[in-house]
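The block underneath contains the structure these notes are about, expressed in structure tokens.
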Amino acid sequence: MSPKIKEKQKPLLEVVNLKKYYPIKKGIISKTVGHVKAVDGISFSVYPGETMGLVGESGCGKSTTGRSIVRLDDPTDGDVIFQNKNLANLSKNEMRKLRTDLQIIFQDPYSSLNPRKRIGDLLAEPLRAHKLAEGEEIERKVNNILEIVGLTKYHKSRYPHEFSGGQRQRIGIARALILNPKLIICDEPVSALDVSIQAQVLNLLKDLQKEFNLTYVFIAHGLGAVKYISDRITVMYLGKIVEIAPTEEIFNQPRHPYTKILLSAYPVPNPHMRNREQIVVEGDVPSPANPPKGCAFHTRCPFAQPICREKTPPLDGENHQVACHFPLT
Amino acid sequence: MSLPNINEPLTKQSLESKTLVMEELGKEESYLRLVTRRFFKHKLAVAGLIVFTLIILMDIFAQVIAPHHPNAVSDTFEAAPSADHLLGTDQVGRDVFSRLVYASRVSITVGLGAVAIYVAIGTVLGALAGYFGKWVDNIIMRVTDVFMSFPYLMVILVLVSVIGPNLFNITLVLGILGWPQVARLVRGSVLSIKEMDYVKAGVALGYSTPKIIFQHILPNAFAPILVNATFGVASAIIMEASLSFLGMGVRPPAASWGNMLTQAQSLTVLSSQPWLWIPPGLMILLSVLSINFIGDGLRDALESNQSR
Amino acid sequence: MFQYIIRRILIAIPVLFGVTVFTFFVINMAPGNPVDMYVNPSATPQQIALAKEQLGLNDPLWVQYGHWLGQLFQGNLGFSYSTREPVTSMLIERLGPTLLLMGTSLIVAYLIAIPLGILSATRQYSWIDYLTTGFSFLGVSIPHFFLGLGAIYIFASKLELLPTGGMNTLGGTTGFGDTFFHMILPVLVLATGIAGNMVRYVRSSMIDVLGKDYLRTARAKGLRNFIVTNKHALRNALIPIITIIGMDIPLLIGGAVVTEQVFQWPGLGQLTIQSIGSRDYSALMALNLIAAIAVLVSNLLTDVVYSIVDPRIKYE
Numbered sequence: 001m002s003p004k005i006k007e008k009q010k011p012l013l014e015v016v017n018l019k020k021y022y023p024i025k026k027g028i029i030s031k032t033v034g035h036v037k038a039v040d041g042i043s044f045s046v047y048p049g050e051t052m053g054l055v056g057e058s059g060c061g062k063s064t065t066g067r068s069i070v071r072l073d074d075p076t077d078g079d080v081i082f083q084n085k086n087l088a089n090l091s092k093n094e095m096r097k098l099r100t101d102l103q104i105i106f107q108d109p110y111s112s113l114n115p116r117k118r119i120g121d122l123l124a125e126p127l128r129a130h131k132l133a134e135g136e137e138i139e140r141k142v143n144n145i146l147e148i149v150g151l152t153k154y155h156k157s158r159y160p161h162e163f164s165g166g167q168r169q170r171i172g173i174a175r176a177l178i179l180n181p182k183l184i185i186c187d188e189p190v191s192a193l194d195v196s197i198q199a200q201v202l203n204l205l206k207d208l209q210k211e212f213n214l215t216y217v218f219i220a221h222g223l224g225a226v227k228y229i230s231d232r233i234t235v236m237y238l239g240k241i242v243e244i245a246p247t248e249e250i251f252n253q254p255r256h257p258y259t260k261i262l263l264s265a266y267p268v269p270n271p272h273m274r275n276r277e278q279i280v281v282e283g284d285v286p287s288p289a290n291p292p293k294g295c296a297f298h299t300r301c302p303f304a305q306p307i308c309r310e311k312t313p314p315l316d317g318e319n320h321q322v323a324c325h326f327p328l329t
Numbered sequence: 330m331s332l333p334n335i336n337e338p339l340t341k342q343s344l345e346s347k348t349l350v351m352e353e354l355g356k357e358e359s360y361l362r363l364v365t366r367r368f369f370k371h372k373l374a375v376a377g378l379i380v381f382t383l384i385i386l387m388d389i390f391a392q393v394i395a396p397h398h399p400n401a402v403s404d405t406f407e408a409a410p411s412a413d414h415l416l417g418t419d420q421v422g423r424d425v426f427s428r429l430v431y432a433s434r435v436s437i438t439v440g441l442g443a444v445a446i447y448v449a450i451g452t453v454l455g456a457l458a459g460y461f462g463k464w465v466d467n468i469i470m471r472v473t474d475v476f477m478s479f480p481y482l483m484v485i486l487v488l489v490s491v492i493g494p495n496l497f498n499i500t501l502v503l504g505i506l507g508w509p510q511v512a513r514l515v516r517g518s519v520l521s522i523k524e525m526d527y528v529k530a531g532v533a534l535g536y537s538t539p540k541i542i543f544q545h546i547l548p549n550a551f552a553p554i555l556v557n558a559t560f561g562v563a564s565a566i567i568m569e570a571s572l573s574f575l576g577m578g579v580r581p582p583a584a585s586w587g588n589m590l591t592q593a594q595s596l597t598v599l600s601s602q603p604w605l606w607i608p609p610g611l612m613i614l615l616s617v618l619s620i621n622f623i624g625d626g627l628r629d630a631l632e633s634n635q636s637r
Numbered sequence: 638m639f640q641y642i643i644r645r646i647l648i649a650i651p652v653l654f655g656v657t658v659f660t661f662f663v664i665n666m667a668p669g670n671p672v673d674m675y676v677n678p679s680a681t682p683q684q685i686a687l688a689k690e691q692l693g694l695n696d697p698l699w700v701q702y703g704h705w706l707g708q709l710f711q712g713n714l715g716f717s718y719s720t721r722e723p724v725t726s727m728l729i730e731r732l733g734p735t736l737l738l739m740g741t742s743l744i745v746a747y748l749i750a751i752p753l754g755i756l757s758a759t760r761q762y763s764w765i766d767y768l769t770t771g772f773s774f775l776g777v778s779i780p781h782f783f784l785g786l787g788a789i790y791i792f793a794s795k796l797e798l799l800p801t802g803g804m805n806t807l808g809g810t811t812g813f814g815d816t817f818f819h820m821i822l823p824v825l826v827l828a829t830g831i832a833g834n835m836v837r838y839v840r841s842s843m844i845d846v847l848g849k850d851y852l853r854t855a856r857a858k859g860l861r862n863f864i865v866t867n868k869h870a871l872r873n874a875l876i877p878i879i880t881i882i883g884m885d886i887p888l889l890i891g892g893a894v895v896t897e898q899v900f901q902w903p904g905l906g907q908l909t910i911q912s913i914g915s916r917d918y919s920a921l922m923a924l925n926l927i928a929a930i931a932v933l934v935s936n937l938l939t940d941v942v943y944s945i946v947d948p949r950i951k952y953e
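For the protein sequence lines, the chains are R, X and S, in the order given. Here the first sequence is numbered in the working numbering, starting from 1 and rising by one per residue. Here the second sequence is numbered in the working numbering, starting from 330 and rising by one per residue. Here the third sequence is numbered in the working numbering, starting from 638 and rising by one per residue.
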């Protein structure tokens, strides 16, 4: 268990058996002939103050998971329990109120800011919509948040197109932060940025977490950023979770073959480490519309056995959970 | 654990990551100024704007400009142009120039009025269809299909003749029938804009649906609507003129450029009294042309992809 | 592909149904009483009541609609209230001239617009480009009736080269040459508007295609410019233009109503104006329905042709 998580602490967010299916329609009367199982029954918990990394290749359902948690997508099935409330049962109005505690930062800083609004309005709007402040207080809060994310109040009268990608991402962070949320879903917040800017934004996120005791679900497809910021990491493959473990354990002792493969694709700066074990996967990721039976990874797994084709392995374990019939040791 | 307060002064350690990124900020130029600048580069559009402004002025100051009352009958009829009657008189002895000036009011009213009505209807329906999708979209789009497969002029002719041909009814009919194109346009824009992250952010921030539609989606769909509306004013003017010409629009004694041409269907008027029908025809052409130029300029200025 | 066509047709059916409902109820909202036109002016109230009963005008509106729709399925469009002729035969009689006029205009318009559009796209910002742009703006901005009257004024009244209207010389020969002679002006008027619209699309579509890399490749490998423009570019540029043809049909129908009136062309457009004048509801309903079907069918054809020509279109 991560050092940050105290014994018997209650999770801030619990995702239970979450499913998100998209229907595939065909034919003259648009009959539903199947489903794309973007997220197929996943469960995990996030504790206050920690950062949960969520990694996997494109199309594994990690972004859909993030969007389903904040209800930008309506889940097909399953529960999202946040602060002891099941978001699935909340009315539209209750959900709207709860959103002050539950925010999201988007991947593309170019499309996440309304191009027709000045930065000052973009940041004041959430406060007005939730009646959290009035008049001069709004002004003060906006100025303050701009400073916190490394901009100045002189930027307020500008439009988004006048900023660089990194600056825009800072504005996006400020907008999420101004509502004083408890949990922020970071949906690949740095992958659209230049490498030099990535570190700055990651540092900002880390500092903000310390300062405001934020909890993050940090979604990324690369392991670099995740390793840097996460306390624990969840690895997803084809809409399912294959492994959840503290960051160090994931990197030092991965137990699922897929995790191991992901790691071997992750570049190591130390040249002496270059001759570490390389595993090469064969084939492509199968279509989520027609996922393989049994363990979804068996088509590409170098260690697959007959049982892997028959039975779906459950996610097992206490602090280090893994979904594999033959976990690595 | 006390809740963090973002209004507290910054702590020292948090300042470290706040490398102020002040590098090249774009010049502060608002979108409006950018568009204006691009529009004024388009020479024909500027010419169109000038002509159209003159026509609007003529419409406003009709009483000052026109030497006679448009319906006043003088003792000379079918008179050729003279100092007193710049464009001669018609069969009943009314001053053609005065009628021409007053008739601009009809065209402008119909043009702006009808377009205002149908842009409002089309925008709301298109936004609803695009934003809510599913059955709402299905119903609205099927109704749009029905309206779009009407042969426009024929239905308008029938409708106007049913509810009575006059200025108000024409404006209303053109307004009520004109929305499908706008609805499709807005629906298309809304469909693509609602997938933008800034709209998703609005949902995540807990904004109300009307606020998201009217403040975050529609302002970004504004450009194509404006261009379409501009061209729409031009076609509404032509449509009114055609209806009035066919006797199904504004009816005499009220003057409209279209009904001033009706009499030219008689060969005598056509060949021997060209001052009766050529000026109103040219006025229609001039106003429609100027509006089309403005529309073209707006399209170039608003829809160009380059940011500056 | 086949499935796509079937789906499009299935979608068109409720639309067509909507058109019949709209047409019927709007026309029956009309204040004037068709009976007044149907019976002779000196008819007694009893005779009028009888005529009303015979025409089914006392039934509730939806019964009348059902009756009308039922007859429609049997190809019976009813009798004209004013001339007492069967509407179907009136329409058939007028259909030929209208189709002749619209078809010829459409062909003439494309024969003008496509070469002009290509020329102006390949010589962007030359005098010919400006001239073409000017022509196209004039073409879409000038009302049909003004252009028509102007054409009659110049060519028929002043120069006395062409007839002022009609389809054939009264009492004269009714050969093809005579009709051709009468067609020149109306076709010119109708074609101008469509060509003006079309030229702009051809031009921008062509400019769009000419900037593509595959054309630069074609030129780079040494193909003659003429072949590059007319074979490689034109074929790709014409694809989006197919959509415009579909959009032209409603425009053409509207234009035909006015043009036929100006030139006294004995087609469906003129019949429309006459029917409105005489409050001939049954004829008006049929005319509207025919025009709507024409628009629907042309939209359908456009989509189908488009999907055949452009392999990138998905049928979803």
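A virtual CB, placed ideally from N, CA and C, is assigned to each residue, including glycine. Just so it is clear, the structure is predicted and the values come from calculations on it, not from any experiment.
query: Min CB distance Phe772 of chain S to chain X below 8 angstroms; result: no
query: Contacts that Ile446 of chain X makes with chain S (C-beta to C-beta distance below 7 angstroms); result: Near Ile446 of chain X there are no residues of chain S at all, since even the closest Cβ is about 18 angstroms away, more than 7 angstroms.
query: Spatial distance of Glu357 of chain X from Arg168 of chain R (CA atoms); result: Low confidence applies here, because Glu357 of chain X scores a pLDDT of 47, under 50, leaving its location unreliable; read the following figure in that light. Whole-angstrom Cα-Cα distance: 16 angstroms.
query: Straight-line Cα distance separating Phe639 of chain S from Ile886 of chain S; result: 25 angstroms
query: DSSP-derived helix/strand/coil call for Met1 of chain R; result: The predicted position of Met1 of chain R is uncertain, since its pLDDT is 45 and thus under 50; a value taken from the coordinates is nonetheless stated next. Coil at Met1 of chain R, not helix or strand.
query: Cross-chain neighbours of Pro276 of chain X in chain S, by beta carbon under 8 angstroms; result: No information on residue 276 of chain X is available, as it lies outside the stretch 330 to 637 that chain X covers here.
query: Residues in the segment 928-949 of chain S having any Cβ partner in chain X nearer than 8 angstroms; result: Ala928, Ala929, Ala931, Val932, Leu933, Asn936
query: Option nearest Met477 of chain X by Cα separation, candidates X:Gln510, X:Ile505, X:Thr452; result: X:Gln510
query: Proximal residues, the segment 469-487 of chain X versus chain S, C-beta separation under 9 angstroms; result: Arg471, Val472, Asp474, Val475, Phe476, Met477, Ser478, Phe479, Pro480, Tyr481, Leu482, Met483, Val484, Ile485, Leu486, Val487
query: Buried or exposed (CB count within 10 angstroms, at least 16 for buried), Lys117 of chain R; result: buried
query: N- and C-terminal bounds of the alpha helix (DSSP H) containing Arg872 of chain S; result: 871-899
query: Beta-carbon neighbours of Ser490 of chain X, restricted to chain S and to distances below 7 angstroms; result: Ile913
query: C-alpha distance - Phe82 of chain R paired with Ile42 of chain R, whole-angstrom precision; result: 16 angstroms
query: Euclidean distance between Cα positions of Ala570 of chain X and Ile844 of chain S; result: 35 angstroms
query: Start and end residues, alpha helix (DSSP H) containing Tyr1018 of chain S; result: Outside the displayed span of chain S (638 to 953) sits residue 1018 of chain S, for which this structure offers no information.
query: Straight-line gap, Leu503 of chain X to His397 of chain X (C-alpha atoms, nearest Å); result: 31 angstroms
query: Reduced DSSP category for Ser763 of chain S - H, G, I as helix; E, B as strand; rest coil; result: coil
query: DSSP-derived helix/strand/coil call for Ile779 of chain S; result: coil
query: Leu202 of chain R (DSSP reduced to helix, strand or coil); result: helix
query: Chain S contact for Val617 of chain X (CB, 8 angstroms cutoff); result: yes
query: According to DSSP, residues forming a beta bridge with Asn86 of chain R; result: R:Ile81
query: Selection of the segment 543-574 of chain X by Cβ proximity to chain S, strictly under 8 angstroms; result: Ala563, Ile567, Ala570, Ser571, Phe574
query: Chain-ordered neighbours of Val532 of chain X on chain R, where CB pairs are closer than 9 angstroms; result: Val70, Arg71, Leu72, Arg99
query: Limits of the unbroken alpha helix (DSSP H) element including Asn17 of chain R; result: That residue, Asn17 of chain R, is in no alpha helix (DSSP H); its beta strand (DSSP E) goes 13-26.
query: Short Cβ contact (8 angstroms threshold) for Ala456 of chain X with Asp466 of chain X; result: no
query: Leu354 of chain X - DSSP class collapsed to helix/strand/coil; result: The pLDDT assigned to Leu354 of chain X is 42, lower than 50, so where the model puts this residue is not dependable, and the model offers no usable value.
query: Beta-carbon proximity of Leu183 of chain R to Leu12 of chain R, cut-off 8 angstroms; result: yes
query: Any alpha helix (DSSP H) of 4 or more consecutive residues that is wholly inside the segment 537-596 of chain X; result: 551-574, 586-589
query: Status (buried if at least 16 other CB within 10 Å, exposed otherwise) for Asn290 of chain R; result: exposed
query: CB contact below 8 angstroms: Tyr228 of chain R versus chain X; result: no
query: Beta bridge counterpart(s) of Tyr237 of chain R as assigned by DSSP; result: R:Lys240
query: Neighbourhood of Val745 of chain S by C-beta distance below 7 angstroms, restricted to the same chain and skipping five residues each side; result: Val824, Ala828
query: Close-in-space but distant-in-sequence residues of the same chain around Lys341 of chain X (CB under 7 angstroms, 5 per side omitted); result: Here the model assigns Lys341 of chain X a pLDDT of 36, short of 50, so the residue's position is not dependable and the matter cannot be decided.
query: Distance CB(Ala630 of chain X)-CB(Val364 of chain X) smaller than 8 angstroms; result: yes
query: Endpoints, the alpha helix (DSSP H) within which Ser944 of chain S is located; result: 918-946
query: Sheet register partners of Ser111 of chain R (DSSP bridge); result: Note: Ser111 of chain R sits in no beta bridge, so no partner.
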